[in-house]
Every structure is written in C-alpha cells, then in structure tokens.
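K.L.:
The C-terminal position of the first sequence is numbered 1194 in full-length UniProt numbering, with every residue numbered one higher than the one before it.
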Amino acid sequence: MTNKYNHQKIEKKWAERWVKDKVFSPDLKKSENPYYALFMFPYPSAEGLHIGNFYAFTCVDVMAKYKKLQGMDVFEPVGFDAFGIHSENYALKIGETPRKMLDRTIVNFRKQLSSAGLGCDWTREIDTTTPEYYKWTQWIFTKLFEKDLAYQKEALLNWCSGCKTVLADEQIEDGVCERCKTVPEKKTMKQWFFRITKYAEKLLNGLETMDWSDITKSAQRNWIGRSEGAEVEFVIKNERNDIKKIYLGTGNKSKIERLEKIFKYVNPDIKIEQVPEVVDVPEESDNGLENSKQKVLAYHGKYDYPVVSCDTSVFFEGEDFDPTHVKRVALGGEDESGFSQREIAEKIKDFYIDIARKYGGRKEFYFEDAWTILFPNGEIKQLKYRREYIMTDKLQGELDIYFPMRSLYLVKATGRDIFNQTEEEWKKEFQPQIDAFSGVFGKSKLKVFTTRPDTLFGATYFVMSPEHPLVREITTKEQSEKIEDYIKKSGAKSELERTENKEKTGEFTGAYVVNPVNNEEIPVFVADYVMMGYGTGAIMAVPAHDERDFEFAKKFNISIKEVVKPKNSGKDKTILVLHGLCDDSSKHWFPWFKQEFGGRGYNVIIPDMPNPHLPRVERWMDCLKELKDDLSGNLTIVGFSLGTQAACMFIDKYNVAVNNLILVGPSEKEGKTIEELVEAGLPRESLEHSEKFGEERVDWKNVRRLVKNTIQYLSSNDPYIEIETEKYSDVLNPQKRIFFNRGHFTEKFGIDKILELIPDIEGCTVGDGIAVNSGFLDGLETSTAKEKMISWLEGKKIGKGVVNYRLRDWCISRQRYWGPPVPIVYCAKCGALAVFEKDLPVRLPELEKGWEPVGDGRGPLANVDDFMNTTCPKCGGAASREADVMDNFLDSAWYFFRYIDPKNNNKIFDQKLGKKWLPVDFYVGGNEHAVLHLMYTRFITMALHDIDLIDFDNPFKKFRANGMILKDGKKMSKSKGNVINPEEYGEKVGYDALKTYLLFLGPLNEDRSFTDEGVRGTKRWVEKIARLEEKIKNSHKDENEIINKLHKTIKMVTDDFEDQRYNTAVARLMELTNVLNLADKISTQTWKSFLVLVSPFVPSIAEEMWERLGNKNSIFSDKLWPEYDAKLAHDEFIELIVQVNGKLREKIEVSIDITEEEAKKIALESGKIKKWIEGKKIEKVIFVKGKLINIVVK
RNA sequence: GCCGCGGUGGCGGAAUUGGUAGACGCGAGGGACUUAAAAUCCCUUGGUAGUGAUACCGUGAGAGUUCGAUUCUCUCCCGUGGCACCA
1 MTNKYNHQKI
11 EKKWAERWVK
21 DKVFSPDLKK
31 SENPYYALFM
41 FPYPSAEGLH
51 IGNFYAFTCV
61 DVMAKYKKLQ
71 GMDVFEPVGF
81 DAFGIHSENY
91 ALKIGETPRK
101 MLDRTIVNFR
111 KQLSSAGLGC
121 DWTREIDTTT
131 PEYYKWTQWI
141 FTKLFEKDLA
151 YQKEALLNWC
161 SGCKTVLADE
171 QIEDGVCERC
181 KTVPEKKTMK
191 QWFFRITKYA
201 EKLLNGLETM
211 DWSDITKSAQ
221 RNWIGRSEGA
231 EVEFVIKNER
241 NDIKKIYLGT
251 GNKSKIERLE
261 KIFKYVNPDI
271 KIEQVPEVVD
281 VPEESDNGLE
291 NSKQKVLAYH
301 GKYDYPVVSC
311 DTSVFFEGED
321 FDPTHVKRVA
331 LGGEDESGFS
341 QREIAEKIKD
351 FYIDIARKYG
361 GRKEFYFEDA
371 WTILFPNGEI
381 KQLKYRREYI
391 MTDKLQGELD
401 IYFPMRSLYL
411 VKATGRDIFN
421 QTEEEWKKEF
431 QPQIDAFSGV
441 FGKSKLKVFT
451 TRPDTLFGAT
461 YFVMSPEHPL
471 VREITTKEQS
481 EKIEDYIKKS
491 GAKSELERTE
501 NKEKTGEFTG
511 AYVVNPVNNE
521 EIPVFVADYV
531 MMGYGTGAIM
541 AVPAHDERDF
551 EFAKKFNISI
561 KEVVKPKNSG
571 KDKTILVLHG
581 LCDDSSKHWF
591 PWFKQEFGGR
601 GYNVIIPDMP
611 NPHLPRVERW
621 MDCLKELKDD
631 LSGNLTIVGF
641 SLGTQAACMF
651 IDKYNVAVNN
661 LILVGPSEKE
671 GKTIEELVEA
681 GLPRESLEHS
691 EKFGEERVDW
701 KNVRRLVKNT
711 IQYLSSNDPY
721 IEIETEKYSD
731 VLNPQKRIFF
741 NRGHFTEKFG
751 IDKILELIPD
761 IEGCTVGDGI
771 AVNSGFLDGL
781 ETSTAKEKMI
791 SWLEGKKIGK
801 GVVNYRLRDW
811 CISRQRYWGP
821 PVPIVYCAKC
831 GALAVFEKDL
841 PVRLPELEKG
851 WEPVGDGRGP
861 LANVDDFMNT
871 TCPKCGGAAS
881 READVMDNFL
891 DSAWYFFRYI
901 DPKNNNKIFD
911 QKLGKKWLPV
921 DFYVGGNEHA
931 VLHLMYTRFI
941 TMALHDIDLI
951 DFDNPFKKFR
961 ANGMILKDGK
971 KMSKSKGNVI
981 NPEEYGEKVG
991 YDALKTYLLF
1001 LGPLNEDRSF
1011 TDEGVRGTKR
1021 WVEKIARLEE
1031 KIKNSHKDEN
1041 EIINKLHKTI
1051 KMVTDDFEDQ
1061 RYNTAVARLM
1071 ELTNVLNLAD
1081 KISTQTWKSF
1091 LVLVSPFVPS
1101 IAEEMWERLG
1111 NKNSIFSDKL
1121 WPEYDAKLAH
1131 DEFIELIVQV
1141 NGKLREKIEV
1151 SIDITEEEAK
1161 KIALESGKIK
1171 KWIEGKKIEK
1181 VIFVKGKLIN
1191 IVVK
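1. Are I236 and S444 close, meaning C-beta to C-beta below 8 angstroms?
2. Measure the Cβ-Cβ separation of V931 and W223 and say whether it is below 8 angstroms.
3. Which first and last residues belong to the beta strand (DSSP E) in which D127 is found?
4. Would you list, in sequence order, the uninterrupted alpha helix (DSSP H) runs of no fewer than 4 residues that lie entirely inside the stretch 922 to 975?
5. Since T165 sits in a beta bridge, which residues does DSSP pair it with?
6. Count the other C-beta atoms from every protein chain shown that fall within 10 angstroms of the C-beta of Y486, then say buried if there are 16 or more, exposed otherwise.
7. Could you pull out every unbroken alpha helix (DSSP H) segment of at least 4 residues lying fully inside the stretch 66 to 123, listed in chain order?
8. Here's the rule I'm using: 16 or more other beta-carbon atoms within 10 Å means buried, otherwise exposed. How should I1189 be labelled?
9. Do the CB positions of residue 1279 and G986 come within less than 8 angstroms of each other?
10. Going by C-alpha distance, which of Y36, H50 and Q479 is nearest F75?
11. With a threshold of 8 angstroms, are at least 3 pairs of Cβ atoms found where one atom belongs to the stretch 448 to 464 and the other to the stretch 771 to 789?
12. Could you give the distance in angstroms between the alpha-carbon of E32 and the alpha-carbon of D73?
13. Give the range of the alpha helix (DSSP H) segment to which K1171 is assigned.
14. With three or more beta-carbon pairs closer than 8 angstroms as the criterion, would you say the stretch 542 to 555 touches the stretch 765 to 772?
15. Confirm, please, whether the CB-CB distance from A511 to T475 is below 8 angstroms.
16. Determine, using beta carbons only, whether P823 and Q138 come nearer to each other than 8 angstroms.
17. DSSP puts V19 in a beta bridge; with which residues?
18. Which of the three DSSP states, helix, strand or coil, is assigned to V842?
19. Are K1147 and E1135 touching if we call contact CB-CB under 8 angstroms?
20. When you compare the CB positions of N954 and G206, do they come within less than 8 angstroms of one another, or not?
21. For S227, list the residues DSSP reports as bridge partners.
22. Please return the same chain residues whose Cβ sits closer than 6 angstroms to the Cβ of I106, not counting the five positions on each side in sequence.
23. Comparing C-alpha positions only, which one of V658, F650, I651 and V638 sits nearest to residue 1202?
24. How about F83 and W818: do their beta carbons lie closer than 8 angstroms?
25. Could you tell me which uninterrupted alpha helix (DSSP H) segments, each at least 4 residues in length, are contained entirely in the stretch 1031 to 1072, listed from first to last along the chain?
26. Let me make sure I understand the geometry here. Which of I711, P982 and K967 has the alpha-carbon closest to that of K976?
27. Quick check: the Cα distance between G831 and L470, rounded to an integer number of angstroms?
28. Let me make sure I understand the geometry here. Which of L944, T937 and K971 has the alpha-carbon closest to that of F959?
29. Taking the beta strand (DSSP E) that Y534 belongs to, which residues open and close that run?
30. Look at the alpha carbon of G1186 and the alpha carbon of D1125, and state the distance between them as a whole number of angstroms.
31. Measure the C-alpha to C-alpha separation of I965 and H933 and round it to an integer number of angstroms.
32. Answer yes if the stretch 1075 to 1091 comes into contact with the stretch 1035 to 1046, meaning at least three C-beta pairs across the two stretches below 8 angstroms, and no otherwise.
33. Quick test of the definition: if touching needs 3 or more C-beta pairs under 8 angstroms, does the stretch 849 to 856 touch the stretch 155 to 169?
34. Any idea what DSSP makes of H918, helix, strand or coil?
35. In the DSSP assignment, what residue or residues form a beta bridge with residue 1235?
36. What does L999 pair with, by DSSP beta-bridge criteria?
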C-alpha cells in the first residue's frame, strides 16, 4: 500500500499547519458571517486534559468546522480558568505557589489541546489570573457596586473549615463543600454579596424561551425555587396589643384628625380621642398648654389608658402622677414649657427607667425632639443641630423609635393642602409618621409565608425558627430557660444533622398569636424544622394538611383540624369489603361493620352478592369490573375467605392501587398458612381445588407492588382477635359470634384491631380539595379558596399574595489568596468605596510565603501590610483595602466577553465587536455547572445589560449539556484506575478516531460507556477512508446508485448537524463509506464531497487526502459543504409494505409514484396476501403514499 | 415528597409528523486469504418452533385510543439528574 495511514505523522503535520496558516484565526473585525462556538474553558489541572472536557470541546469543534465549511466566519477561542480554590488547594498540597504550579500546567494543557486537531484560535488565548484579565473582573464588581448589585451584609453563611473560607450556597453539594467535602458550619459573618435575587423572576422566565438543554433548565428552575403563596400577619397576644384607645392630652382638632388618619394605618383598633375635659383650642394658636396640663392631670387616675401628648410638659407636672398607668408613651412637641429640653429629659428620665423596669426592660419609649435626646439606657444627649441632625441615618439607627411629630406641623407650614390630597399622596407624605407610630402603637406581629393560605382556618399552632430574631422577645419568663436551651442545642447541630434527623423537636415559647381568620389564640413554638433562610423564618402550622406539621402536632399533642376535604375523599377513606359469598355473614356482620366504620367517617362499600351462576371467583370479578374505575386510588380492601382471592385478583387484574390490604382466612389448610396460600397465588382453598374450578392464579408480585402501605394476614382462628361483644350486642347475633361459611370457622373481630391495621388512613391530606370548617371558604376548591383568602387578607391589610424564591444572594467573598482582590477601600471617614476605574487593577501581590489560608475569618492578604495600607480615593486619607478575594466563578462568568477583544487595555471589550460577535452561538459543557457557572453567567450578563454595555441578556443562544463518559459502564476515577487519558488514545488510535468514537457513542446529552473495543470501530473506519483513495479515477463517472446515496447522505448529515445528532451523522457517513467501498471506482467529484462531509469528524485525514488531490489551501478555508440535490436523492422504486390488519405480510417493489388503485390491485394479487384475506371481507384499505398499504379484513 | 429525563438484542445505540422495530458500530459464530498470526474481505447474529418457506412472540408492566403504537393517553414499576423538614 502506497499511502499507509500513519495517524501520528499526519495529525502532527496538520495541527502545526493550521496554526501556521492561521486557518482558524478569523479577523473578527472584517468577518461578515460570525459564528461564535464556545467550549467551557478548562481549569488547567495538574492531571492534564480530562476526557469529559475533551468530549465537550469536540462537540463544539465539530460544529465549528461544519459551520466553517458552510462559509461562516467561525471563532472558536481557547483559554484557562486558572484562579480559584481548586488550583490553590493543589498548590498547597504540593507546597508550591499557585503561580509556579500553573505556569507549568498551562504549558502542558496548551500542548495537549493544540495537538488534538481542534480548530482553536490560539491568537486570542486568555488566562484569568493575569492582571490584564482580572482588571476587568474587578471592574465588573465596581459597576455592580455602583448599581447596588454588589453589597455587604451580615448573614448566616457556610463556613468551610477545610478550605478556610465562606462559600456560596451553590458551592454546597449534598450538604458538603463541593471542593473538599467538609461539612460546612453555619456562621454569621459580614461578607460581600451580589444581588442575584433581584433577577430571580427574570432568570426564571428567561428559561422558557432559551434553547438550552432541558436538564440545565430544570436544575436552574429548581434552584430558583419559585413558589406562590401569601404572607400573613399574626398578631402577638401581649399587653401592647391590648391598647384600645389613646387619649390625647392636648391639641387642636386638625391635629387629632391627622393622628386619626395616621392611626388608621398604624393600628385601626386604636381610637384617638381627646381627653373629654380638654377644651379644643383654636387652630392657629396651638397653645392649650395650661389648660391641657390641668386636664391631663385631671383625667389621670380616671383613665387606665395610655397617653400621648404632643407636649412633653404634661408629664412632669404634678407629684401625684403615676406613670404605671401609662403603657406606652410618645413624646414630641415644641419647647414651650419653660423648661429647657435638657431639664425635661432629666425629669422624665426616672419615669422611663421605671417603665422600662416594669415592662421587662423593653426599649420602646423614645422620643425625638429638638435639642435633647433621651436614650433607652437613660443617657441624654444634647444636640448641636435640631431636626436636621436627628434625621441622619446614623442617629435614627441608634434610636429604636423615632417620632417625627414635629413634621406634622412642618407639613402644614409648607402651605400645601394636605387635606385635599389623594389617599396615596397623603400616605406617601406621612409614611415616616406612620412607620414611627407603628413601631410603638402598631400591633406587634409575626409574619409567615404559606403556599396554602386556604388552610388558614386549620392553623392550630405557630412555629418560629430558632434563629428568628424575635424569639427571645416573645418568649415568656417561665419558658425562657427552656427556649434558650433549645436555641443553643439546635445551633450546635449542623445543617446536615438537622435535615438528616427528621425527628421533630421543639419547645413552647409560652406566647400565643391570634389566628386572624377566627381570632383563635394559638401557641407559638420554636422548632428547628423551620428554617430562617426561607420565607419569613416562621410558619403557621396546619397539621391536618402538612406532613411535618402533622408529625409535630402528634408529638406535642396539638389539635388537628381538618379544613380541606380531598377531592377523591370517597377513596381516601373507603373500605371495600369482599366477603366469602355467604349469606350468614352478610346478615350478621356487615351491618355492624358499616355502622361502626361509617360512624368514624369511613365510606364502607360492601357489594351486593355477585351473580351466583358464575363460577366462584369470577362472580366477584364480574361485579367488581364496574367498580374498578371509581375505586382505583387509596382505598383499603378487607377480604374474607374467598374474598381474599377476589381481593388479590381484583388488584392484580385491574391494576388497582390500594393503600391497605387485609386478608382474613383459615389459619391453616393442607399444611399451609394463609400467607403461603396467598403467595402461592390461590389463597382460598387448596391448589387442587382451585385447579378443578379452573381458576386463574394471582400474580402476587404485582399485588404486592400495588399495595402502598400494609398487607396484613389474619387468621380467622387467631385468639387475639376479640370482638367487643358488649358494645355491639344489638347488631350481633344472639350467640355474640359471627359465623362465616356456614359455620366452618368462626371469625371474631374487634374494631380497634382493624383500625390498627389501617395505619395511614387517618393521616394528613396534602393535596387539593374542597374547603370545610373554613367559614367564608367553605365549599370552595383549593385554588379558588386560595384566591379568596388572599383577597380577604389584602382587604383587611393583614396579608397579601406574594411570590417566594429559594434563590439567595451570591456570596462572593473568599478568605483566600488565589483570586482577584475585592476592589474596595475602607476609609474611616468615607466608608466603603469602590476603587476607581483608573486605579484598576488592584494587583494581587505575588507572595512566596504567607499566602496560605489563615482560617480566622480573614483572607491571608490581611497580613500583607504593603497591600492593605492605601489611601482613600475620595478624601486622600489613610485607608485600608478589603482583604478578601472574589469567588472564581466570577472570573468565568464573563470570560466569553473578553475573548473577542482580549488585548484591549481601555475597555472590557470593544462594543462594536460585541455587537457583531455576541452572544455566543453555540456552547457545550458539563451540567455540573447548571446552577454555578451557567446561572452566574446569566446573572452577570443581565447586569451588564442593565448598565447598557450589551443589548441582550441571554449569554448563549444555544447551550447543550454533555453527558458523562463512563469507562466500561463505570464512573471514571483515579482510585479505580479507569481514567481515560485522551493523549494516550490520541497516540494509540489517533485523535480523528478517538473524537469520532466519542461522538459516535450516543446522543450528546446522555451518559455513555467508552470501551477499548469500541474505539477500534472508528479507527477501522478512518483506515477504510484512507484506503478508499485507491479507487479514485479522474475520468470516472459514478453509478446512479452512488450519486443517490451521496445525496441522501448529504441531506441526512446536514440535518443531523443542525440538531447536534453527531452519532447518527457518523453512522450515515459510515454507510456511505461502505457503499463507496463496494464500488470499483470512485469519481474525483464524489470523493471531494465525501472528504468534506467527513472532515469535521476526521479533520487530519481529510486534510491529507485533500492535499493529495493537489489542493494548496486547507479544506477548511473555503465554503465547500456540498449542496443537497433533491433530484439526485430521489428514489424511483420503493418496497411497498403490504399489511393485513396492520401486520406486515409482504413487500413488493413498485414505482414510488404508485397510486392507491394500482397498489391495491398489486397487493390483492399477491399470493401471500391472498392467503391472509381468503374468505374474509375487506372492510377498508389504508394507503400511505410511497410507503405502505394496509388491508383491513374481517 | 416535588420537578425533569430515560427504560429497545450479549453491549453502545437507530427508527422524521403514529406506518418495515433493531440502522451504524462493538462483541460473538462461520468462511476466504496466509506456513502461521495480525490486518483485510465475505456470510450469520432479538427469541421460540421448523430442514425450509414460514409462523408466533418481542421496545419496563398492565390497560386504552387506532386499520396500525417504541411513538399518543391513563395507571404502575425501575433507573437517573435536580431540589428538599422550602412552609
């Protein structure tokens, strides 16, 4: 053989040639038909290229080559995702700096990738660890900071003690750190976050129209976790909420009106009244001081109500004023008393302290005004400026309650007609007042989130998460010790323990809340089955319709109130009784059974005596046939005697799913127990007996799988089944026994025994149904009931329909070294500031020592003074840097933007180029990144869209998640020693054969098994292609058969490419190869088309053959993909399929254009067909043009 | 438990809007070439019965719709991915 195929030589030659001739390095500016093919850039691990990654690259590469052959300007970039804990941990392990290690591994990766025959553009390689790259990672942070999409907050976070850093929720897999498998601790820490939750709805809705793999979309959908429901407020039962009336010491009418209006929002239960004795004062001379002082003093003692005075002075006049009558105090007003504010404050200080003591140290009484502030701890502060200063956030933060009473006047003073405002305008104007008063006079409430507002009437208790901030507040003194203990205990449990051990625990707080729909007071518990991180951290518990609540209620003996009747309630509590075809039993026993269970809410069905003319079991089957559709579901069947067999057969034959199956039969028959009889398939009598009657056997396995809960065998002779004869004497026969089967054996039953055997029948029902015991919801279906309840709550302003998401903000801080520093500077004066663009990048110092993670909650950079000390970009004063670095998933969330303009020093990328090349056309990668990289990328893209950098918000037009490669059916792992090294196979069989094999194995999205035998197949194919060359004859003209096959293949392969069905595309090409192989000669023209068709899969051999035809340019440099010619692919003859009654009986070669008439004639003449239709009547003939004819006979 | 995907020969997998089930490849068996081996080429290869033509069965199980179901509908089983004391 002249051209013995040497894959190593050829593949090396072409890999070098492609780079040298820049075959795959397009001019991005000049390109007219851009096609951006992207694979997930690899993390350059020390192990080298992983076959899984290599497979994904191949999927992209094949597509890229196909598009290129179709004349597109294809861009297939390559780079390295080298920052991150992954690299750093490995560097730690081998005791080398990450930089040194990566410099080595990247070289290795480059070598591996460039020899694999991929069409990558090496001129635009990127590496996320270079300052040129991470400058823009930091820039993105500063932009997000500007937009309030990056922020700092204290939160309960996942701290990984293995990696010594906090992690994002997405980086916890199965409850452990995705990197080092440590169980993370929950720690409250202050960290930087990206506000991904702002895009929750958008991220979710976007999925609907995106052309991404379903598994990826479904993973994202689940992660975002949208649920619709309602937020409901529960008023806490406490003294504060008992306030019914507030007397105003003084003030004119308009002031009272304003307050009334405010209180409508604050607490509509509270009435505002002027102390009756106070005489109204004229509007403009708001000076009822003397008067009011006396009046307040006068009413004091008479009224056991709280007082609000707009004039502080009322409180310190008169020695006999007893503050204990006053439950809540708000102060405000002008300094008109003749005392200085300081003096006022001093005077009322004791008063506050006294009240504070009386009401459990609660800090609720504070006042604003003027020059002096009295703080809860008794401290008095003299202010420099008046109101302006008070309004600063800082001071408000220190005060628990702030009453901007004065603005009541200020509003008036502006001259606006506040009484003719619309309600909305008014509310907006007075919102600060409303909020302030709400703090003290508003009812103290707890909010819950529920997806089942329709079950509110069934809420019989209330649960707060142990981490809930108000737990201590509401706990009564008596319970506080227990609660403290419980909080401590559950805090010590890890998240994993908490979810693994599902045994419910909890503790009563001593407090009660009021169920708003029926004003019932329900107890408040603390229990760790309620999580602080979801919803509001508190729930209303409806034990009748929630399994967890049910379990808890059972354990703590809390009442269970059914408020939803399941739609199929007939089934849920249905007992079907199949008896033994005996008159006596039905007479004596069934009335009792019906009465007893019916009284307990069960629906007892005892079918009438079946047709006595049919043989035995068939009588039952005959009668049950009609019942099967109505009954399939969650019923319980009790079978006696022959009824046991009927029950089993009923379940088996009709596939009726049941909850419980109770079989009562003889304790022993022919040496067999009832269990044995049943499992033998013929429970009633002896096998012989049944065979005599020709009874079918029961497939016991099938029965077993259809019974959800229990199968119980009861022997009718068992002594433990005692009937409660006294109770049921009236329905039992005089002998107080029940006889079955004409006295063959006696059954004795107790009701409790049966109830015990039906364990789940009295559980909770979670599904939809009809509302009952629910006041205004009664009779409504769940969905309507939900709506009605929500509008009721909204009308009462105690709740509203809300949508809740599981998704939480992305924590991006890492207390590590190997990442881009968070570009933030802390200045004592100016606070946290983002570094200006001109000062970026904030360089990561190159450390030889001291870069290891510390574990004290701060990154190692905190100890690098040169790095930490800086100046404030705003005021120039001394400042310090943020010591943490950013999550490496941020690096990879935007890299494809940089690829198109990797050397741009002034901009993240050129927007003109972006407009042309973005978004990415085709992207492939592993689905393990579904909620990490792929979600973050979508978020960053949306954020960049919102800063007007780009005009799209889906980064990848088409994304496909590739399946896993298994070796011989098993997961690859180093420990098993079954890792496939692409380089090794590249050398052994060649990359052409290896890549084709990977694609040929199966559909791109599915897992498939790689075998060494299998790869030989594609290797043989490549060799066969090489050998075909011998058959080429320049002047030869191919037979029609070959041309026809070629064009059919063009069509199918093109279609396959468009849907990424690479496996079938390869199969088609193999077929074509086999056809060509049978020919003696092949024309050059056919050969050329053939080479182009196979070139995406086997680029090196195709190039080699192409060159030998005398071509100077690469096969990939021109638009060469062959056009499909329908005429040439057209068949003249087909095999007509002839069916009789839908069964294939004959194939006849006919013209493709054959008409129905002709086909029918030919078919009916066929000897084979005649045989099948002989003596039968032709009912109808179905003809599918160009395919088949079906003759229907009877 | 909820949401998604899947179940077809000894194996990986094909089968367009319901129309020849098992393409293509691996493996296995037989043959040709060869001193021999490798490579290559040819034949057979879902099961059962039969020398054979052929017949019957067969796409996780069972029902249904249809002239006809791997494909559509229902019930159920198994595998797998995601979420999960998520209210």
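Positions of the beta carbon are idealized from the N, C-alpha and C atoms, including for glycine.
From a predicted model like this one, the values you see are computed outputs, not experimental measurements.
P.N.:
Let me spell this out:
1. Residue numbering aside, residue 236 sits at position 236 when the first sequence is read from its first letter. Residue numbering aside, residue 444 sits at position 444 when the first sequence is read from its first letter. Here I236 is near S444, since their CB atoms are less than 8 angstroms apart.
2. For the purposes of this step, residue 931 is identified with residue 931 of the first sequence, where counting begins at 1. For the purposes of this step, residue 223 is identified with residue 223 of the first sequence, where counting begins at 1. Contact: yes.
3. Locating residue 127 in the first sequence gives position 127, where the first residue counts as 1. Counting along the chain, the beta strand (DSSP E) containing D127 begins and ends at D121 to D127.
4. Taking only runs of at least 4 residues, the alpha helix (DSSP H) segments lying wholly in the stretch 922 to 975 are 933 to 946.
5. Here residue 165 refers to the residue found at position 165 of the first sequence. T165 is bridged to C160.
6. On the first sequence, position 486 is the one that residue 486 refers to. The residue is buried, with at least 16 neighbouring Cβ atoms inside 10 Å.
7. DSSP runs (the alpha helix (DSSP H)) wholly in the stretch 66 to 123: 85 to 94 and 98 to 114.
8. On the first sequence, position 1189 is the one that residue 1189 refers to. The residue in question, I1189, is buried, as its Cβ has 16 or more Cβ neighbours within 10 Å.
9. Because the chain here runs from 1 to 1194, residue 1279 falls outside it and cannot be looked at.
10. For the purposes of this step, residue 75 is taken as the residue at position 75 of the first sequence. That would be Y36, whose Cα lies nearest to the Cα of F75.
11. Counting Cβ pairs under 8 angstroms, three or more are found: they touch.
12. Along the first sequence, one-based indexing puts residue 32 at 32. Along the first sequence, one-based indexing puts residue 73 at 73. C-alpha separation (whole angstroms): 7 angstroms.
13. As a working mapping, residue 1171 is identified with position 1171 in the first sequence. G1167 to I1173 is the extent of the alpha helix (DSSP H) around K1171.
14. Yes, they touch.
15. For the purposes of this step, residue 475 is taken as residue 475 along the first sequence, with counting starting at 1. For the purposes of this step, residue 511 is taken as residue 511 along the first sequence, with counting starting at 1. For T475 and A511, yes; Cβs fall inside 8 angstroms.
16. Here the question's residue 823 lines up with position 823 in the first sequence. Here the question's residue 138 lines up with position 138 in the first sequence. Yes.
17. Along the first sequence, read from residue 1 onward, the residue named residue 19 stands at position 19. Beta-bridge pairing links V19 to no other residue.
18. Here residue 842 is taken as the residue at index 842 of the first sequence, counted from 1. DSSP places V842 in coil when its eight states are reduced to three.
19. By 1-based counting over the first sequence, the position of residue 1147 is 1147. By 1-based counting over the first sequence, the position of residue 1135 is 1135. Yes, Cβ-Cβ distance for K1147 and E1135 is below 8 angstroms.
20. Taking the first residue of the first sequence as position 1, residue 954 is located at position 954. Taking the first residue of the first sequence as position 1, residue 206 is located at position 206. A contact, by the Cβ cut-off of 8 angstroms.
21. Locating residue 227 in the first sequence gives position 227, where the first residue counts as 1. DSSP lists N804 as the bridge partner or partners of S227.
22. Locating residue 106 in the first sequence gives position 106, counting from the first residue. Within the same chain, I106 has close Cβ partners P44 and F80.
23. There is simply no residue 1202 to check, as the chain begins at 1 and stops at 1194 in what is shown.
24. As a first step, residue 83 is located in the first sequence; it is residue number 83 there, counting from the start. As a first step, residue 818 is located in the first sequence; it is residue number 818 there, counting from the start. Cβ atoms of F83 and W818: closer than 8 angstroms.
25. The DSSP assignment places complete alpha helix (DSSP H) segments of no fewer than 4 residues inside the stretch 1031 to 1072 at 1040 to 1058, in order along the chain.
26. Locating residue 976 in the first sequence gives position 976, counting from the first residue. Measuring from the Cα of K976, the nearest candidate turns out to be K967.
27. If you number the first sequence from 1, residue 831 lands on position 831. If you number the first sequence from 1, residue 470 lands on position 470. In a straight line, the C-alpha of G831 is about 30 angstroms away from that of L470.
28. Position 959 of the first sequence, counting from 1, holds the residue named residue 959. Considering only L944, T937 and K971, the residue with the shortest C-alpha distance to F959 is T937.
29. As a working note, residue 534 is residue 534 in the first sequence. Per DSSP, Y534 belongs to no beta strand (DSSP E) and is neither H nor E.
30. For this step, residue 1186 is matched to residue 1186 along the first sequence. For this step, residue 1125 is matched to residue 1125 along the first sequence. Rounded to whole angstroms, the gap between the alpha carbons of G1186 and D1125 is 19 angstroms.
31. In the first sequence, residue 965 corresponds to position 965, counting from 1. In the first sequence, residue 933 corresponds to position 933, counting from 1. When rounded, the distance between both Cα atoms is 21 angstroms.
32. Taking 8 angstroms as the limit for Cβ pairs, the verdict is that the stretch 1075 to 1091 does touch the stretch 1035 to 1046.
33. Segments in contact, yes.
34. On the first sequence, residue 918 is found 918 positions in, with the first residue counted as 1. According to the sequence as given, residue 918 is Leu; it is not His. In the structure shown, L918 adopts coil according to DSSP, grouped into three states.
35. As shown, the chain starts at 1 and ends at 1194. That puts residue 1235 outside it, with no answer to give.
36. Translated into the one-based positions of the first sequence, residue 999 becomes position 999. Looking at the DSSP output, L999 shares a beta bridge with no other residue.
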